[in-house]
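One structure is given here, and the rest of the page talks about it.
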Amino acid sequence: MKMTKDQARRRKKVRIRKKISGTGVRPRLVVFRSNKHIYAQLVDDDLGKTLTASSTASIKDAKLDCENAAAVGKDIAEKAKGLNVEKVVFDRNGYIYHGRVKALADAAREGGLKF
Numbered sequence: 786m787k788m789t790k791d792q793a794r795r796r797k798k799v800r801i802r803k804k805i806s807g808t809g810v811r812p813r814l815v816v817f818r819s820n821k822h823i824y825a826q827l828v829d830d831d832l833g834k835t836l837t838a839s840s841t842a843s844i845k846d847a848k849l850d851c852e853n854a855a856a857v858g859k860d861i862a863e864k865a866k867g868l869n870v871e872k873v874v875f876d877r878n879g880y881i882y883h884g885r886v887k888a889l890a891d892a893a894r895e896g897g898l899k900f
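In this note's numbering, the protein residues as written are 786 to 900.
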C-alpha cells in the first residue's frame with residue numbers, strides 16, 4: 786500500500802522528534818506549512834509551552850512565497866531576542882529543507898538566532 790505525502794511527512798516528523806527537544810535555554814523552532822500560510826513558533830518542551838509565534842497570517846495581504854517566509858523568520862528572531870533567546874533547535878517538522886522552509890531558517894539566522 787502506497788503512502789500519501791502527508792503520511793510520509795508524519796513518519797519523518799516522528800523520527801525527527803525522537804532526536805530533538807527544546808528547553809527553556811534552547812527552545813525548539815517549529816515550522817508548519819499550510820496551503821495558505823507558513824507558521825513558526827518557539828516551544829519549550831520541558832514546560833510544554835509555546836514561548837512565541839509568528840506567521841504570514843499575521844501579515845496583511847501576505848501571499849505564500851519565499852519573501853514572506855523570510856519575513857516570518859526575521860519576526861520570530863526579533864521576538865526571540867526579546868525573550869533573551871539566542872540559540873534554538875530547528876524542527877523542520879518533516880518538510881524538506883528547501884524553498885519556504887529554507888528561506889525562513891536563513892532569515893532567522895540573519896536575525897541573530899543560532900541553530
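Note that CB positions come from ideal geometry on N, CA and C, so glycine has one too.
Here DSSP, grouped into helix, strand and coil, assigns residue 823 to strand.
For the pair residue 896 and residue 848, the CB atoms are not nearer than the 9 Å cut-off.
The residues 813, 874, 876, in chain order, have a CB closer than 7 Å to that of residue 805 in the same chain once the five nearest residues on each side in sequence are set aside. Its chain contains 808, 809 as the residues whose beta carbon lies nearer than 7 Å to that of residue 831, once the 5 sequence neighbours on both sides are disregarded; these appear in chain order. Less than 9 Å separates the beta-carbon of residue 852 from that of residue 888. The alpha helix (DSSP H) runs lying completely inside the segment 799–887 and spanning 4 residues or more are 851–867, given in chain order. The residue among 803, 879, 893 with its C-alpha nearest the C-alpha of residue 861 is 893. Looking at the DSSP output, residue 899 shares a beta bridge with 872. Cβ contact annotation for residue 880 (same chain, cutoff 7 Å, sequence separation greater than five): 794, 816, 818, 886, in chain order. The C-beta separation of residue 823 from residue 855 comes to about 10 Å, leaving the pair out of contact by the 8 Å criterion. Shown here, residue 790 sits in a helix according to DSSP, grouped into three states.
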